[in-house]
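Residue numbers (our numbering): 31 to 146.
Glycine included, C-beta positions come from ideal geometry on N, C-alpha and C.
Since this is a predicted model, take the numbers as computed values, not measurements.
Let me begin by presenting the structure, written as structure tokens, before commenting on it.
Set out below in structure tokens:
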């Protein structure tokens, strides 16, 4: 079992502003309420079956994995790393993303994006 200390982790404030391969592993309703522009969405429970969808991400940089607060993304990053990917957990998740003032979009026109 991988210890949380063994999972590469980065704070939102330390992420580059552009060009990051970001994987959001939250559920569909969380994603629809608000997510990072350009992120790829694969709910954590579907990741093993859909991991091939990550093949279109740049392979010269890590996949940064995000959820609401960092728990699910840490587990997903650990699984990805064990499966041969270079994955980094985003500490604090979308809650920190919003606090840092990073852009968000939602799937509901006219509704301010939010973190569920």
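Taking only the alpha-carbon atoms, compute the straight-line gap between residue i and residue j and give it to the nearest angstrom.
i           : j           : result
residue 103 : residue 128 : 16 Å
residue 117 : residue 132 : 21 Å
residue 43  : residue 73  : 24 Å
residue 60  : residue 114 : 28 Å
residue 124 : residue 78  : 22 Å
Would residue i and residue j be called neighbours here (beta carbons separated by less than 9 Å)?
i           : j           : result
residue 110 : residue 141 : no
residue 71  : residue 58  : yes
residue 87  : residue 95  : no
Residue i by DSSP, collapsed to three states: which one?
i          : result
residue 70 : strand
residue 42 : helix
residue 77 : helix
residue 36 : helix
residue 48 : coil
residue 59 : helix
Can you tell me whether residue i is buried or exposed, with buried defined as 16 or more other CB within 10 angstroms of its CB?
i           : result
residue 135 : exposed
residue 63  : buried
residue 126 : buried
residue 112 : exposed
Please specify which runs of the beta strand (DSSP E), each continuous and at least 3 residues long, are wholly inside the segment 84–132, giving them in chain order.
93–96, 117–121
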